[in-house]
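Going left to right, the sequence shown walks through residues 1050 to 1738 as this note's numbering numbers them. All residues carry an ideal CB built from backbone N, CA and C; glycine is no exception. Only a predicted model underlies this, so the values are computations on that prediction, with no experimental measurement involved. Reading through the structure tokens given below for one structure.
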Amino acid sequence: MQLAGEKKEGNSWHRFGRLRVCFRGAEMVVSGSPNGSQPTSQPAKKYGITKPISVAGPTEADLQRNIELEKFLIDSGLYESKEEAARREEVLGRIDQVVKGWVKLLTRQRGYTDQMVEDANAVIITFGSYRLGVHGPGADIDTLCVGPSYVNREEDFFIVLHNILSEMEEVTELQPVPDAHVPVMKFKFQGISIDLLYASISLLVVPEDLDIANGSVLYDVDEQTVRSLNGCRVADQILKLVPNVEHFRTTLRCLKFWAKRRGVYSNVTGFLGGVNWALLVARVCQLYPSAIPSMLVSRFFRVYTQWRWPNPVMLCSIEENELGFPVWDPRRNPRDRFHHMPIITPAYPCMNSSYNVSISTLRVMMEQFNHANRITEDIELNKAQWSCLFEPYRFFEAYKNYLQVDIIAADAVDLLTWKGWVESRLRQLTLKIERDTNGMLQCHPYPHEYADTSKPCPNFAFFLGLQRKEGVRGQEGQQFDIRGTVDEFRQEINMYMFWKPGMDIYVSHVRRKQLPAFVFPDGHKRSRMLRHVSLDAEKSCEEASGFQSGSAEKNAKRKADSETMDLKSTRPEKQAFISPQPPESASPESCASRSGITSHTSFNDRVIVESLTMVDRDSSSEMRSSGHLDSEKCTLANDVEMVNTMHESINLEEQASISEHSLPGVGNKNSREQIRLDLMGRICCSLTQ
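Below you can see the structure in the form of structure tokens.
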């Protein structure tokens, strides 16, 4: 199956000049052989900053499992058709025409000469999953528009180009997010989702064959522009730093699918996004350069269940440059010392791509890594199928208590804009809860939105699971009063610069039995009997496989310990809106009234929750609250070669560490498993060189 990222000369993609450059790096990497590996006649190339853990190739059993894995991915519909690939090329060509016309219009309006107007140019460059060749049907396309120095982001991009796009029939769901860490304009063009970034470089005329990998593009630009440019530069570097591009692509496609099914694919809510997963997979490819995808998937979970965060994951050494942009370095930058899961980008300036990860979201991801590691071990022992790995995470059966965040707007267009803003700030609610409860109340944001179609007012709802910190017994009658936390969050949300009448947000505490029906498949809850039958079936399956899951949704036993939560709320004062008021815009109160939003699912000025008993889920999970693995329950595969290679790398890399803070210990130091984990921990520490 041919991917858009593998197009060669002569295909329709190259009708649009600049777009040829977007795939230059990929073509260079895969040109060595049909499967993307380097020609056998050349000496072996070193990948990464340490020796590989193992250079062993696949066995017959590995090859058979690889066939089964690739068949599973195809049957799961993860590859787009040739027709859809052609549509994407056509859409990219149309966007390229639009931005070129936009720049020429601005050049003329600014009084430049006719020759300057004729030469004025902007180029479109792809990045992300599309650039890496791992996008699937319906996936969005990450694109960067590079324009001249006199075309700015604040007014020209987010106002002038926004207005041009809003008047085009092909464009729908136009949603600007100017305040994001990387400012972006989201929209659909002929039904295809586009994330469009903008970078203004220090050139009056942008050449059609602009080389984005050249460091000169970073001269005299601000940090937001650097972040925008780095998406493309990082994608190019990743493809150059992996031993086998096709094996990397298949493994990454698999891991992204797993992350989405398990609810840990979302950079904006504090989990990991596409570039984070790509970097993690690329590092495992470097550590196992001869492995095929079926091996790489299992090695992925083997490595990262034992990774001693906050040691960074890096594909190459951190590069310094005379341009002087700050790079990730906890020795010099105090803020970098507080990153929980550093995953460092390989292109200058090297940054932590996972700065959004919090203690709570790291805990959730480590639980999922451990859960997947046990399954992949069973797959290698022929005790489980690949489908077991991709079972959906049952978030609404995992916790006893939830926060429900409801948002409404006057119409569907306003709701999309409002949703983008609220979603981009939802991570702050998690951080505030961690802060105000001293980490005693753990918060699990779920990266999916739900709509109650029975309500006439456009709406979305987000949910966050709540539980007491594992391993800590609460005092009888202890309360978590987070009313002030919620009010602070709502006040910040209502500071949205594009707020319009009708946009509102409600936050309420709901128990599992109070969850609205629209969050469940087919619009109704599973009965308690069906829920227990499902849990018992999974438990039996796992026991037959030789392990017991510690993941949240599979803990049938619940703690008897209880604590109370007091969630009162008052509506903060609304600021005056900045955007023009639509003629028939509904107020928040009228929307709430029309929608019937008066139940526990969202609330107004009255007290909704007072002294509700909060019962935690079972803490039989193998994760400590800090996100580190309990070594007594960890099983490292009997890989003698892997352990021997660890010793070799330790001797080479012992001397220094980029991180100044000490590493947390894990488990019982007298156990055999602890010795192995210590070896892996020291390897991880050595990766900081």
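Each residue's CA atom was taken as its position, placing Q1477 and V1559 some 20 Å apart. Put simply, of Q1516, T1156 and A1500 the residue whose alpha carbon is nearest the alpha carbon of F1569 is A1500. The secondary-structure analysis by DSSP pairs Y1179 with nothing; it has no beta-bridge partner. Going by DSSP, F1207 is part of no alpha helix (DSSP H) at all; its letter is neither H nor E.
C1492 and P1256 have their C-alpha atoms some 48 Å from each other.
The C-beta of A1327 has 16 or more other C-beta atoms within 10 Å across all chains shown, which makes the residue buried. Straight-line measurement puts the Cα of A1229 at about 27 Å from the Cα of C1506. Under DSSP, the beta-bridge partners assigned to T1192 are T1175 and L1245.
Taking a 10 Å sphere around the C-beta of E1167, we find fewer than 16 other C-beta atoms and assign the residue as exposed. CA-CA distance, K1289 to W1356, rounds to 24 Å. For A1327, the uninterrupted alpha helix (DSSP H) segment begins and ends at G1323 to L1336. Check the Cα spacing between I1428 and each of L1345, K1131 and E1416: the tightest is with L1345. The three-state secondary structure of V1294, taken from DSSP, is helix. Judged by beta-carbon spacing, L1259 lies beyond the 8 Å limit of G1280, meaning their Cβ atoms are not closer than that value.
When the five nearest sequence neighbours on each side are left out, the beta carbons in the same chain lying within less than 7 Å of the beta carbon of V1200 are those of V1152, L1155 and S1249, in order along the chain. Looking at the DSSP output, R1517 shares a beta bridge with L1490. Taking a C-beta distance under 8 Å as the contact criterion, T1318 and D1244 do not qualify as a contact pair.
Look at T1479 here: in three-state DSSP terms it is helix. The DSSP-derived three-state label of L1223 is strand.
In this model, V1406 and M1400 are separated by some 14 Å (Cα to Cα). Taking each of K1432, E1483 and V1270 in turn and checking the Cα distance to R1114, the smallest one comes out for K1432. Counting along the chain, L1267 sits inside no alpha helix (DSSP H), nor does DSSP assign it H or E at all. Per DSSP, the continuous alpha helix (DSSP H) segment holding Q1146 begins and ends at K1131 to Q1158.
The residues P1359, N1401 and Y1404, in chain order, have a CB closer than 7 Å to that of H1388 in the same chain once the five nearest residues on each side in sequence are set aside. Scanning its chain for C-beta atoms nearer than 7 Å, with the 5 sequence neighbours on each side dropped, one finds around L1127 the residues G1185, R1302 and F1306, in chain order. One alpha carbon belongs to M1552, the other to P1227, and they sit about 18 Å apart. For L1214, same chain residues with a beta-carbon under 8 Å away, outside a window of 5 residues either side, are V1147, V1220, L1223, M1234 and F1236 in chain order. Classified as buried, L1210 has 16 or more neighbouring CB atoms from the shown chains inside 10 Å of its CB. In the DSSP assignment, R1560 forms a beta bridge with N1450. In the three-state reduction of the DSSP assignment, D1571 falls in the helix class. The beta-carbon separation of V1362 and R1332, rounded to 5 Å, stays under the 8 Å limit for a contact. Within the same chain, F1439 and P1441 come within 6 Å of R1310 by CB-CB distance, once the 5 residues on both sides are set aside.
L1452 is not a Cβ neighbour of V1313, given a cutoff of 8 Å. Ranked by how close their Cα comes to the Cα of E1203, the residues I1173, R1143, D1271 and G1150 have D1271 in first place.
Pairing S1178 with A1284, the inter-Cα distance amounts to about 9 Å.
For the pair I1173 and I1144, the CB atoms are nearer than the 8 Å cut-off.
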